[in-house]
Each structure stands twice: as structure tokens, then as C-alpha cells.
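Trainee: In the UniProt record's numbering, the protein residues as written are 1 to 123.
For every residue, glycine included, the Cβ atom is placed at its ideal position computed from N, Cα and C.
This structure is a prediction, so every number in the text was calculated from the model and none was measured.
1) How many Å lie between residue 96 and residue 63 at the Cα?
2) Enumerate in chain order the residues of its own chain whose CB-to-CB distance from residue 65 is below 6 Å, with the five nearest sequence positions on each side excluded.
3) Just the C-alpha distance for residue 72 and residue 32, rounded to the nearest angstrom, thanks.
4) Check residue 92 in the structure and name its three-state DSSP category.
5) Within a Cβ cutoff of 6 Å, which residues of the same chain sit near residue 69, ignoring the five residues on either side of it in sequence?
6) In its own chain, which residues sit with a C-beta less than 6 Å from the C-beta of residue 91, not counting the 5 before and 5 after it?
7) Compute the Euclidean distance between the alpha carbons of residue 113 and residue 74, then round it to the nearest angstrom.
8) Leaving out the 5 sequence neighbours to the left and right, which residues in its chain are closer than 7 Å to residue 122 when beta-carbon positions are compared?
9) With H, G and I counted as helix, E and B as strand and the rest as coil, what does DSSP make of residue 124?
10) Is the separation between the beta-carbon of residue 120 and that of residue 67 shorter than 7 Å?
11) How long is the line joining the alpha carbons of residue 55 and residue 25, rounded to whole angstroms?
12) Let me know if residue 37 comes out buried or exposed under the rule of 16 or more other beta-carbons within 10 Å of its beta-carbon.
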């Protein structure tokens, strides 16, 4: 069965609703901190999405997997990513945090990038 563009979008929305109902294993305080530091590091218009095991409330452990987006791809630099991680770990503690920047280089890693974007939840 072939799913058209609109069918794919509907499926993605249903997946997002499913995860929102289940809840996420990340506190509101952590969400606020992540969003604020992302804005400082990557500029206005930055969008942060959570993916991986932390979107499943019933799972244990797991690192924090983040996908960072900005319409201005020039703001999604390695230097900004390092600044973001240093500041974030300083505020929420030293824990495993993986960050994917939504730029042209990340899109070349098709399997991982696409699986991350399918299940990602906007913070």
C-alpha cells in the first residue's frame, strides 16, 4: 500500500498524539531549560524536538536525544552545538545527551535521521 504525502502527515500526527498521551520522561523544568539554552545557542526561531527512549514514559534509563531545527541553517554550527551541550550539562547535570542538528549534513544520515524525525516530539 502506498501512502501519499497527506496520509504520511496524518500518520505522523497520530504518532505524536500517542506519545503525548503516554507522557515523556523529562520534567517541565528540564524542557524549559533545554528550550531556553537552545534559543541562546542557536538563535530565535529554534525548535527543539525530543526523540528516543525519553518519549516513552514507561521505559527506564536512556539518554536525552534532541533534534535541533532552525530555518536559518547557518546558525546550526558545531560551535553552537558544543556551547549548547556545555551550558545544558551545567544546568541539568552531567548526563548523556545526544544532539542532531537539522542541517544538510544530518539529512545524509538517512536511516537514523529519518527514524528520529518520525518519532520526535516538539518540546
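Mentor: Reading it off the structure:
1) One C-alpha to the other measures close to 5 Å.
2) Contacts found: 51, 52 and 98.
3) Each residue's alpha carbon lies about 22 Å from the other.
4) DSSP places residue 92 in helix when its eight states are reduced to three.
5) Scanning its chain for C-beta atoms nearer than 6 Å, with the 5 sequence neighbours on each side dropped, one finds around residue 69 the residues 47 and 102, in chain order.
6) Non-local beta-carbon contacts of residue 91 in its own chain, meaning distances under 6 Å to residues more than five positions away in sequence, involve 33 in chain order.
7) Approximately 19 Å, taken between the alpha carbons.
8) Around residue 122: 47 and 49.
9) The requested residue 124 does not occur in the structure, where the chain is confined to residues 1 to 123.
10) Between residue 120 and residue 67, the C-beta spacing is below 7 Å.
11) Pairing residue 55 with residue 25, the inter-Cα distance amounts to about 6 Å.
12) That one is buried.
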